[in-house]
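Chains as they are written, first to last, in my numbering: chain A, 1435 to 1715; chain B, 693 to 1028. All C-beta atoms, glycine included, are put in the ideal place defined by N, C-alpha and C.
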């Protein structure tokens, strides 16, 4: 069994302040996990804002170098890769599709560029073929997207184009940073289900970064819960979220409002009983 | 929710229409963001508005609050507050009247209100800017009152001397709620006040908003796209789709027995911890409001669509006392 991605005690410090009063912020502290090549999975990173989950994603993508520890892709250190070869293996999907695409650029150009640079397509016909294949995997087609600008599509469609763009490179790993938080409620589940299909049909591994525990429970295989840069709990997603052990994970789980928490703050219910589990601040 | 006083409406919205009108190079474009919305908000209740982005929620409450700036125009209908009986909408009243009721009777917690505090002014001065002229009294009396009010939202009085950047997101949100409630207004509009917060902080802020509302007996119009928040917080709920209200009623009843196909989908598609059932997204995309589909605006995506849906706008009809829905499949033969 070989590892696709291995993180070994990875930390990242940022320094803040001027020459005389430098403060060090430890964004990520000694995080370790591994994804296996022959077992594609959706690996979820859960955490509040400021927990270091986006910093972790940026390190996996090779945008930031870790301050200490090592990140290896298929046994080789991420820093040792040629940038272009690395991007052919690992592709990002960002939170807000409206910000990820240049509003003045036609969407198909992103697909062709990715196909030529990372997908190994030579010539226009090959690039078009690869773009169309990727778009079909997300339920769109090149005929629908060709010549369109980002404002002509809805958030859900645009996020599908962003996923198709990542697929054009035929990566082995996708890092998705809050990919559904900006997508409309009626379209959110189709994006989440799409991730499940990519894992099952294409054998892709996905690092899914989110603060939404319900979709994490629904789709992911394993997860880690981060707080202030530290992993407080890890394990199989459904087992962890059904019976969280760490006090913070429990607090997080209890704070999730679902249709079943009906009337938690409504008249007739004792407010104290509700406020207690989350009464940390 | 009992007694005759609780049933008295504070806000009556009737057939409200608000459009964005632009004219460039001789091309007129009209986006009908709010198109014929009617509902009432009673005293001492939290009325929720749900709907996805660009369904017109924010435009609706901006129109109700009279915050009309071109290209947004109030085209028709009325939105009458009980404390402003002479005018049928805040936006139609003269500016000096509106200045008199703002903050004192009607306050507005804006979307992304973490960023509405002036970054260069200490919180104390923001409080004075907003509320001193309404509450009166000497400077020290006012400061004492602000401190007492901050305690009510569980903030330390020392927050008054802080700059906004020194506070966490949750604390800033509490400050904006404190600002919106210090004059004890009868009506509070809260537009996605907790969307940017973490779940744990969100829960605290919602519990606090509820207790303040109950203490003052005011009415709240609460907007969020998060159905979980609506289930936990609101008394009654209105569902918006493409600029129109499609269903409204008691929140508990809507969750127990949703009638409109869109509402049913919204509730059924929510994943829950402990439930592994497959959930599907809805096919198609929300309509472009510059050229909305004729008839019922949901019909291109609706699983129950019939020929009549493409031609006739369904009327908002009460199927049960206090539960209205606009759908031909639920109320056959009721055209608007």
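Within chain B, the residues that residue i reaches when beta carbons sit closer than 7 angstroms
{"i": "residue 1618/A", "result": "744, 745, 978"}
{"i": "residue 1575/A", "result": "Within 7 angstroms Cβ-Cβ: nothing; residue 1575/A doesn't reach chain B, min ~15 angstroms."}
{"i": "residue 1540/A", "result": "Simply none; closest approach about 19 angstroms."}
{"i": "residue 1563/A", "result": "Correct list: empty, because the minimum Cβ distance to chain B is about 26 angstroms."}
{"i": "residue 1590/A", "result": "977"}
Neighbour list for residue i in chain B, Cβ cutoff strictly below 9 angstroms
{"i": "residue 1673/A", "result": "Those do not exist, as residue 1673/A stays about 12 angstroms from chain B at its closest Cβ, beyond 9 angstroms."}
{"i": "residue 1530/A", "result": "The premise fails here: residue 1530/A is roughly 12 angstroms from chain B at the closest Cβ pair, so nothing lies under 9 angstroms."}
{"i": "residue 1571/A", "result": "By Cβ distance, chain B contributes nothing, its closest Cβ being about 16 angstroms from residue 1571/A, past 9 angstroms."}
Cross-strand partners of residue i (DSSP beta bridge)
{"i": "residue 1457/A", "result": "1450/A"}
{"i": "residue 1058/B", "result": "As displayed, chain B neither begins before 693 nor continues past 1028, which places residue 1058/B out of reach and without an answer."}
{"i": "residue 711/B", "result": "765/B"}
{"i": "residue 1679/A", "result": "Partner(s): none; residue 1679/A has no beta bridge."}
{"i": "residue 732/B", "result": "704/B"}
{"i": "residue 699/B", "result": "Note: residue 699/B sits in no beta bridge, so no partner."}
{"i": "residue 1660/A", "result": "1481/A, 1665/A"}
{"i": "residue 740/B", "result": "914/B, 929/B"}
{"i": "residue 1476/A", "result": "1640/A"}
{"i": "residue 1761/A", "result": "With chain A represented from 1435 up to 1715, any question about residue 1761/A goes unanswered, as that position is not in the structure."}
{"i": "residue 771/B", "result": "705/B"}
{"i": "residue 1510/A", "result": "1507/A"}
{"i": "residue 722/B", "result": "713/B"}
{"i": "residue 1525/A", "result": "1608/A"}
{"i": "residue 1470/A", "result": "1437/A"}
{"i": "residue 1027/B", "result": "1006/B"}
{"i": "residue 1442/A", "result": "1504/A"}
{"i": "residue 1465/A", "result": "1444/A"}
{"i": "residue 727/B", "result": "709/B"}
{"i": "residue 794/B", "result": "798/B"}
{"i": "residue 1670/A", "result": "1656/A"}
Neighbouring residues, chain A, relative to residue i (Cβ below 9 angstroms)
{"i": "residue 883/B", "result": "Correct list: empty, because the minimum Cβ distance to chain A is about 17 angstroms."}
{"i": "residue 972/B", "result": "1623, 1624, 1627"}
Under 8 angstroms by beta carbon: chain A residues contacting residue i
{"i": "residue 919/B", "result": "1619, 1693"}
{"i": "residue 965/B", "result": "1647, 1648, 1651, 1675, 1676, 1687, 1690, 1692"}
Interface residues of chain B facing residue i [CB-CB closer than 8 angstroms]
{"i": "residue 1645/A", "result": "890, 891"}
Contact list for residue i against chain A, beta-carbon separation under 7 angstroms
{"i": "residue 880/B", "result": "Correct list: empty, because the minimum Cβ distance to chain A is about 15 angstroms."}
{"i": "residue 748/B", "result": "Within 7 angstroms Cβ-Cβ: nothing; residue 748/B doesn't reach chain A, min ~13 angstroms."}
Expected contact under 8 angstroms - CB spacing of residue i and residue j to nearest Å
{"i": "residue 1623/A", "j": "residue 973/B", "result": "4 angstroms"}
{"i": "residue 801/B", "j": "residue 854/B", "result": "Incorrect: roughly 19 angstroms between the Cβ atoms, too far for contact."}
{"i": "residue 1661/A", "j": "residue 1682/A", "result": "5 angstroms"}
{"i": "residue 929/B", "j": "residue 920/B", "result": "That belief does not hold up - the Cβ atoms of residue 929/B and residue 920/B are roughly 12 angstroms apart, past 8 angstroms."}
{"i": "residue 1025/B", "j": "residue 748/B", "result": "Incorrect: roughly 27 angstroms between the Cβ atoms, too far for contact."}
{"i": "residue 1584/A", "j": "residue 1535/A", "result": "4 angstroms"}
{"i": "residue 1545/A", "j": "residue 1582/A", "result": "Not confirmed; about 11 angstroms, so no contact."}
{"i": "residue 1650/A", "j": "residue 1690/A", "result": "Wrong, their Cβ atoms sit about 10 angstroms apart, outside the cutoff."}
{"i": "residue 1441/A", "j": "residue 1466/A", "result": "5 angstroms"}
{"i": "residue 856/B", "j": "residue 889/B", "result": "The Cβ separation is near 15 angstroms, so there is no contact."}
{"i": "residue 753/B", "j": "residue 915/B", "result": "6 angstroms"}
Distance cut-off 7 angstroms: residue i Cβ against heavy atoms of the ligand COA
{"i": "residue 829/B", "result": "Here there are no bound small molecules, and the ligand COA is not part of this structure."}
Interface flag, residue i vs chain C, CB-CB below 8 angstroms
{"i": "residue 1588/A", "result": "This model lacks chain C altogether; the protein chains it does include are A and B."}
Interfacial residues, the stretch 1683-1697 of chain A to chain B, with Cβ spacing under 9 angstroms: The residues in question are 1685, 1686, 1687, 1688, 1689, 1690, 1691, 1692, 1693, 1694, 1695, 1696, 1697.
What runs of the alpha helix (DSSP H), each 4 residues or longer, lie entirely inside the stretch 850-931 of chain B? Secondary structure within the stretch 850-931 of chain B: the alpha helix (DSSP H) runs of 4 or more consecutive residues, fully enclosed, are 861-873, 891-908, 919-925 (chain order).
Residues of the stretch 938-961 of chain B with a CB closer than 9 angstroms to any CB of chain A: list them in chain order, please. Taken in chain order, the members of the stretch 938-961 of chain B whose beta-carbon sits within less than 9 angstroms of a beta-carbon on chain A are 943, 944, 947, 948, 954, 957, 958, 959, 961.
At a CB distance below 9 angstroms, what residues from the stretch 889-916 of chain B approach chain A? Give them in sequence order. Answer set for the stretch 889-916 of chain B: 889, 890, 891, 892, 893, 894, 895, 896, 898, 899, 900, 901, 902, 903, 906.
In chain order, what residues of the stretch 1470-1495 of chain A put their CB closer than 7 angstroms to some CB of chain B? Correct list: 1482, 1483.
Which residue spans inside the stretch 798-838 of chain B form an unbroken alpha helix (DSSP H) run of at least 4? Listed in chain order, they are 815-827.
Of all the beta strand (DSSP E) runs that stay within the bounds of the stretch 1563-1626 of chain A, which reach a length of 3 or more residues? Counting only runs of 3 or more, we get 1607-1611.
Unbroken beta strand (DSSP E) runs of length 3 or more, entirely within the stretch 950-986 of chain B: which are they? As far as the stretch 950-986 of chain B is concerned, it has no whole beta strand (DSSP E) run of at least 3 residues.
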